[in-house]
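Residue numbers (the numbering used here), protein chains in the order written: chain F, 1 to 113; chain Z, 1001 to 1112. One structure is given below, encoded as structure tokens.
Structure, rendered in structure tokens:
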């Protein structure tokens, strides 16, 4: 069974640009959550999608958004990039109803210059 | 566990010894907990989970203990191996949905 796949693995963007990251969950998983990992703040929850609907949202500005497609694949978008958005963005996939095992992808390393 | 900043506690153990990694979680309403292992350049890897109606759960070479009275979680690794060297995170979840709150992490270093 394939694991969680995130693309691209690495990305370099300029301040002010926007970026879209992609996540393909484990087959059969309907929940996709996104996290930001930085040395200063650790792992922080961004948002969760379940059956194409945002179910939970973390404390991030509106520049961070996401969506989920009918095949459970998810994308997150960051607009008007800031230097502080440089981080490892991780996607986690779960069966769906909550309080179930969440499996992470390898992440996308975003560098904003 | 509130995510904390730059300082990452380090636990150094001898190969073959048992390791105990501790975590204090923040929300008494949390009802599901997971331990993750993260190696350099990789995403967190699921190790073991426990629900709040349990106080102990065992896996292969790992045991998680939950003390709800003091909001404390621990991960015990038996016969620690060099391949166990990584950063370990505890995470908590509340209710419906998958919205994990992570602790700051502990770096485990295994000396051969």
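Here a beta-carbon is modelled for each residue, glycine too, at the ideal position from N, C-alpha and C.
Under the three-state reduction of DSSP output, residue 1031/Z falls in the coil class, being neither helix nor strand. Boundaries of the beta strand (DSSP E) around residue 1048/Z: 1045-1051. The three-state reading of DSSP puts residue 1100/Z in coil, since its state is none of H, G, I, E or B. Less than 7 Å divides the Cβ of residue 1077/Z from the Cβ of residue 1062/Z. Collapsing the DSSP output to three states places residue 1008/Z in coil. In the DSSP assignment, residue 1072/Z falls within the unbroken beta strand (DSSP E) covering 1072-1077. For residue 1049/Z, the chain F residues whose C-beta falls within less than 7 Å of its own C-beta are 101, listed in chain order.
For residue 76/F, the CB contacts under 6 Å within the same chain, skipping 5 residues up- and downstream, are 21, 34, 66 in chain order. Residue 1018/Z: not part of any beta strand (DSSP E); DSSP gives it neither H nor E. Residues of the stretch 31-65 of chain F that bring their beta carbon within less than 8 Å of a beta carbon in chain Z comprise 31, 33, 35, 39, 40, 41, 42, 43, 44, 45, 48, 50, 55, 56, 58, in sequence order. Taking a Cβ-Cβ threshold of 7 Å, the residues of chain F close to residue 1042/Z are 106, in chain order. In terms of CA proximity to residue 1027/Z, 1073/Z leads the group 1073/Z, 1064/Z, 1107/Z.
Around residue 1105/Z, the beta-carbon contacts reaching into chain F at under 7 Å are 42.
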